[in-house]
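Visitor: The opening position of the sequence shown corresponds to residue 409 in this note's numbering, with each subsequent residue numbered one higher. All C-beta atoms, glycine included, are put in the ideal place defined by N, C-alpha and C.
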Amino acid sequence: MRLAVLKERAAFETRVAATAETVKKLVALGLTVAVESGAGVLSAVSDAEYQAAGAEIAPDPAAALAGAGIVFAVQAPEPAELALVPAGALLVCIAGAFGNPELVPTLARAGIDCVAMEMLPRITRAQAMDVLSSQANLAGYRAVVESATAFERGFPMMMTAAGTVPPARVFVIGAGVAGLQAIATARRLGAIVSATDVRPAAKDEIKSLGASFVGVEDEETAAQRGAYAKEMSEAFRQKQAALMATTVAKNDIVICTALVMGRKAPVIVTAPMVESMKAGSVVIDLAADAGGNCALTQPGASIVTPNGVRVLGWRNWPGRIPVAASSLYARNLLTFLTTFWDKDAKAPKLPEADDIIKGTLLTRGGAVVHPQFLPPQAA
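#1: Please look up how many angstroms separate the CB atoms of valine 585 and alanine 594, rounded, as I've assumed it's under 8 Å.
#2: Would you call the stretch 529-539 in contact with the stretch 574-583, where contact means no fewer than 3 C-beta pairs closer than 8 Å?
#3: What did DSSP end up calling proline 494 once you bin it into helix, strand or coil?
#4: Inspect the CB distances between the stretch 709-723 and the stretch 534-543 and report whether three or more fall short of 8 Å.
#5: Under three-state DSSP, which class holds tryptophan 722?
#6: Put aspartate 750 into one of helix, strand or coil per three-state DSSP.
#7: Note down the Cα distance separating phenylalanine 506 from glutamate 486, rounded to an integer number of angstroms.
#8: By alpha-carbon positions, which one of Leu414, Ser542, Ser710, Ala761 ends up nearest to tyrosine 737?
#9: Can you name, in chain order, every residue of its own chain whose Cβ lies under 6 Å from the Cβ of valine 675, other than the five neighbours on each side?
#10: Tell me which residue opens and which closes the alpha helix (DSSP H) that glutamate 683 is part of.
#11: Measuring CA to CA, which of Val662, Thr655, Gly700, Gln648 is closest to arginine 671?
#12: Just the C-alpha distance for leucine 492 and alanine 470, rounded to the nearest angstrom, thanks.
#13: Taking the CB atoms as reference points, tell me whether glycine 774 and alanine 516 lie closer together than 8 Å.
#14: Count Cβ pairs between the stretch 601-611 and the stretch 678-696 that sit closer than 8 Å; are there 3 or more?
#15: Report yes or no: do the stretch 744-752 and the stretch 543-553 share at least 3 C-beta pairs separated by less than 8 Å?
#16: Can you find the residues in the same chain that come closer than 7 Å, C-beta to C-beta, to valine 731, ignoring five residues on each side of it along the sequence?
#17: How long is the line joining the alpha carbons of leucine 437 and asparagine 715, rounded to whole angstroms?
#18: Is DSSP giving alanine 787 helix, strand or coil here?
#19: Entirely within the stretch 507-570 and at least 3 residues each: give me those beta strand (DSSP E) ranges in chain order.
#20: Within the same chain, show all residues whose beta-carbon is closer than 7 Å to that of tryptophan 749, passing over the 5 residues directly before and after it, in chain order.
#21: Taking all protein chains shown into account, do 16 or more other C-beta atoms lie within 10 angstroms of the C-beta of alanine 643, making it buried, or fewer, making it exposed?
#22: Buried or exposed for valine 782, going by 16 or more other Cβ atoms inside 10 Å?
#23: How long is the line joining the alpha carbons of aspartate 468 and glutamate 489, rounded to whole angstroms?
#24: Rounded to whole angstroms, what is the Cα-Cα separation between alanine 787 and methionine 669?
#25: Using 8 Å as the threshold, is the C-beta distance between alanine 481 and leucine 499 below it?
#26: Just curious, the beta strand (DSSP E) that aspartate 762 is in, first and last residue?
#27: Assign isoleucine 692 to buried or exposed, taking buried as 16 or more other Cβ atoms, counted over all protein chains shown, within 10 Å of its Cβ.
#28: Can you tell me whether alanine 428 is buried or exposed? The criterion is at least 16 other CB atoms within 10 Å of its CB, across all chains shown.
#29: Given a cut-off of 8 Å, decide if threonine 678 and aspartate 521 are closer than it, judged by their beta-carbon atoms.
#30: When you compare the CB positions of tyrosine 665 and glycine 727, do they come within less than 8 Å of one another, or not?
#31: Just verifying my parser: in three-state terms, what is the DSSP assignment at serine 735?
#32: I'd like the span of the alpha helix (DSSP H) that includes isoleucine 614, first residue to last.
#33: At which residues does the beta strand (DSSP E) containing arginine 595 begin and terminate?
#34: Starting from valine 479 and walking both ways along the beta strand (DSSP E), at which residues does that stretch end?
#35: What is the DSSP secondary structure of aspartate 468, reduced to helix, strand or coil?
Shown next, in the form of structure tokens:
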């Protein structure tokens, strides 16, 4: 069976879905691996390294996809490339179907079976293939590194003969994987860190990393369960906004990581809050791809407000550390494939009753199969 690895063409995308390390293991499964030329350049993997690992280098998408039974990609291929995927092939990628309503019906019409890796259930046996966690971890780290670069006063307390430089005060909004890594990294750099999250379980995690917890605690937060926050009521948002207003004003750096699965990111940091911050302060918005947690975020850009606050709203934060991000993502995909690999048939076997398959399979055999994307009459 042929497995194709495509060069990513989406704006701001620097990652690749396979590395030389994972290509060797894919070939060992009995696969013929075709990598589109230049696919790994931005992740520091050359065509020569892929060849040395056993891959065939294809000059263009058509050559890579010809006869492919499996396609690995980071994001869902662009329409021109998607049209070249053979019917019956298995596409494994971060589909982003909630933000692209035409994608799932298009995949079904084309007869492409698609696994959306971002929809993996949060269960123990799926941890090693959890692309959201692996990428969010790197995003949280990168957020702090970039905030340290943008902040012009220094992170740790520094005592010199000329005087003392106070430590930076960092406030992290959202204590999921990205937020917790941001807390840990900022603490390692010597900042005074506080954080907030609507999930009660996050409070202990925040404190365990040496940060102080800031948050509204009521019946609504007590009802929050699971890895992702659920959308909150208007009354809660008003209480949260009042607390955020006083907290944001006290901090030098605000790192926003709050996401709601399948929805636009909630706006938590308003324009007046940014206006209350000192000149030279920094807002890092990891939710920029979903619209942003900060009202002033311009997705894909860095801006400086009239009062001198820098707001960084880069898209694809994991892609800003592409070598590590590609390495982890490629291992996630390899783990998924090997978990469902039939050694005798030398092909993937995706049992419909398996919780991972039920959670991630969008289309199969020319039909939409995921309950969240079924047309109204079939739901």
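Guide: Looking at the coordinates:
#1: Going by Cβ atoms, the distance from valine 585 to alanine 594 rounds to 15 Å, so no, they are not a contact pair.
#2: Per the Cβ contact rule, the stretch 529-539 is not in contact with the stretch 574-583 (fewer than 3 Cβ pairs under 8 Å).
#3: Assigned with DSSP and collapsed to three states, proline 494 falls in coil, not helix or strand.
#4: Touching, no, given that fewer than three Cβ pairs across the two stretches are closer than 8 Å.
#5: When DSSP states are grouped into helix, strand and coil, tryptophan 722 belongs to the coil group.
#6: Aspartate 750 falls in the strand class under three-state DSSP.
#7: Between phenylalanine 506 and glutamate 486, the C-alpha separation is close to 16 Å.
#8: Answer by Cα proximity: Ser542.
#9: Contacts found: Ala703.
#10: For glutamate 683, the enclosing alpha helix (DSSP H) has its first and last residue at 679-683.
#11: Per the Cα distances, Gly700.
#12: Cα to Cα, leucine 492 sits roughly 6 Å from alanine 470.
#13: Less than 8 Å divides the Cβ of glycine 774 from the Cβ of alanine 516.
#14: No, because fewer than three Cβ pairs between the stretch 601-611 and the stretch 678-696 fall closer than 8 Å, the two stretches do not touch.
#15: The stretch 744-752 is not in contact with the stretch 543-553.
#16: Within the same chain, valine 731 has close Cβ partners Ser451, Ala452.
#17: Approximately 58 Å, taken between the alpha carbons.
#18: In this prediction, alanine 787 scores a pLDDT of 48, lower than 50, which makes its location untrustworthy; the coordinate-derived value is nonetheless stated afterwards. Correct three-state label for alanine 787: coil.
#19: Uninterrupted beta strand (DSSP E) stretches at least 3 residues long and entirely within the stretch 507-570 occur at 521-524, 566-568, given in chain order.
#20: If you ignore the 5 residues before and after tryptophan 749, its C-beta comes within less than 7 Å of the C-beta of Leu437, Pro756, all in its own chain and listed in chain order.
#21: Alanine 643 sits exposed, since fewer than 16 C-beta atoms from the chains shown fall within 10 Å of its C-beta.
#22: This sequence places leucine at residue 782; valine is not what is there. With fewer than 16 other Cβ atoms within 10 Å, it is exposed.
#23: Annotation: aspartate 468 to glutamate 489 spans about 10 Å, alpha carbon to alpha carbon.
#24: Unreliable positioning characterises alanine 787 in this predicted model, as indicated by a pLDDT of 48, which lies under 50. The coordinate reading is nonetheless provided below. In this structure, the CA atom of alanine 787 is about 20 Å from the CA atom of methionine 669.
#25: By the CB criterion at 8 Å, alanine 481 and leucine 499 fall inside the cutoff.
#26: Taken as a continuous stretch (DSSP letters only), aspartate 762 belongs to no beta strand (DSSP E), as it is neither H nor E.
#27: Burial state of isoleucine 692 is buried, judged by a 10 Å Cβ sphere holding 16 or more other Cβ atoms.
#28: With 16 or more Cβ atoms within 10 Å of its Cβ, alanine 428 is classed as buried.
#29: Taking C-beta atoms as the reference points, aspartate 521 and threonine 678 fail to come closer than 8 Å.
#30: Checking the displayed sequence, the identity of residue 665 turns out to be threonine instead of tyrosine. Not in contact: threonine 665 and glycine 727 (Cβ atoms no closer than 8 Å).
#31: DSSP places serine 735 within a helical segment (H, G or I) once states are collapsed to three.
#32: Counting along the chain, the alpha helix (DSSP H) containing isoleucine 614 begins and ends at 608-616.
#33: In the DSSP assignment, arginine 595 falls outside any beta strand (DSSP E) and lies within the alpha helix (DSSP H) extending over 585-596.
#34: Looking at the DSSP string, the run of the beta strand (DSSP E) that includes valine 479 is 478-483.
#35: Note: aspartate 468 maps to coil in three-state DSSP.
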